[in-house]
Amino acid sequence: MQSPIKLPQAISDLVTGYIWNRVMIGESSAKTYRLNRHNYPTIYLKMAQKRQGRELLEEKKVLEWLSDKLPVAKILAFDEDDNNDYLLTSEILGSDAANLVGSINDTELVTLLAEGLRMIHRITIDNCPFDRSLDKEIDIAGFNVKHNLVDEGDFDDIRRGKTAEELYKKLLLLKPHDEDLVFTHGDYCLPNVMIYKKGISGFVDLHRAGIADRYKDIALAIRSIRRNLGIRLEQSFFKEYGVIKPDYKKIEYYMLLDEFF
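Positions 349 to 609 (the working numbering) are the ones given, in order, by the sequence shown.
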């Protein structure tokens, strides 16, 4: 089957004969396609515009660094043209956690989410080349505001109707004074956690991974749990992860920070 989009030759050669299906779940700016071919392993192709951050190039680097540290997809190819980056990876077995809502026990699902986050946060940050600390993230957020890269229509309900400039002023004003630095996923939510046979099988969409406050992941996990499972489950998540007294100010702050990405 011919590719439905024009691709660099090296990528095009690898996906010839595959049936394409667009993956719509997730909030990444990249377009993701699931590619199937009879008697061949399923593979995934991402494409994203070459804008500030080069998210697929960053994801490639992160996947390479994590290849012996976490269950992540294997890179099959990376290429680029004048406008886009392209990342071709292997499949991670199983289903994303969002697709399992309703089919497995909610508490069991939250337990798996907490287990996955502990796995990620246990990775040593010694010699980690990915700096996603708060000062750097605030600088990127400012760049995105200045260049009209913030999608104001995608703000959480509590901030709906606000402008990116208004929220950026608030981001600077409420900045926490300390950071509990660990290796973070960067976008830890149900669609980015893969589960197979009631166990964690891997993690996806890692272009924002790197050294940051653990609450960056905790905040987005809590937001995702509230959206998909309900607020009643967040205390179970805290207990399973190991948070005795949640810092709700940091949780709200890192939810605010995520609006700029």
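The C-beta atom is built at its ideal place from N, Cα and C for all residues, glycine as well. This one's a predicted model, so the numbers in the text were calculated from it and none came from an experiment.
For R466, which of R562, M542, V410, V552 has the nearest alpha-carbon?
-> R562
If you count every other CB in all the chains shown that lies within 10 Å of the CB of M372, and 16 or more means buried, which is it?
-> exposed
Euclidean distance between Cα positions of L411 and I506 = 34 Å
So what does E428 bridge to, in DSSP terms?
-> D433
Following the continuous beta strand (DSSP E) through V552, name the residue where it begins and the one where it ends.
-> First-last for V552: undefined, no H or E at that position.
Return the residue from the list A557, L568, V552, I570 that minimises the CA-CA distance to I440.
-> V552
Let me know the secondary structure DSSP gives R610 once reduced to three states.
-> Examination of residue 610 is not possible in this model, given that the chain is present from 349 through 609 alone.
May I have the straight-line CA-CA distance separating R580 from Q357, to the nearest angstrom?
-> 50 Å
Could you tell me the distance, in whole angstroms, from the CA atom of R402 to the CA atom of R556?
-> 11 Å
Beta bridge counterpart(s) of I423 as assigned by DSSP | T437
Measure the alpha-carbon distance for F608 versus L482 and round it to whole angstroms.
-> 13 Å
I think C537 touches L577, with their Cβ atoms under 8 Å apart; what is that distance to the nearest whole Å?
-> About 12 Å; that fails the 8 Å criterion.
Does the distance from the C-beta atom of L355 to that of W368 stay below 7 Å?
-> no
Quick one: using the 10 Å Cβ neighbour count with 16 as the cut-off for buried, is N432 buried or exposed?
-> buried
Beta-carbon proximity of G558 to F478, cut-off 7 Å | yes
Beta-carbon spacing of I548, G450 below 7 Å = no
What residues match up with F531 in a beta bridge as DSSP calls it?
-> I559
When you compare only the Cα positions, how much space is there between L461 and K518?
-> 30 Å
Using a Cβ-Cβ cut-off of 7 Å (strictly less than) and excluding sequence neighbours within five positions of I543, which residues of its own chain qualify?
-> G442, S443, A445, L448, L460, S549
Counted within 10 angstroms of its Cβ, other Cβ atoms place F585 as buried (16 or more) or exposed | buried
State the DSSP-derived secondary structure class of N332, mapped to helix, strand or coil.
-> There is simply no residue 332 to check, as the chain begins at 349 and stops at 609 in what is shown.
Using CA coordinates, which residue listed in H469, I359, P419, D429 is at the minimum distance from G534?
-> H469
By Cβ distance, which residues of its chain are closer than 6 Å to V498, with the 5 residues on each side in sequence left out?
-> N492, A512, F608
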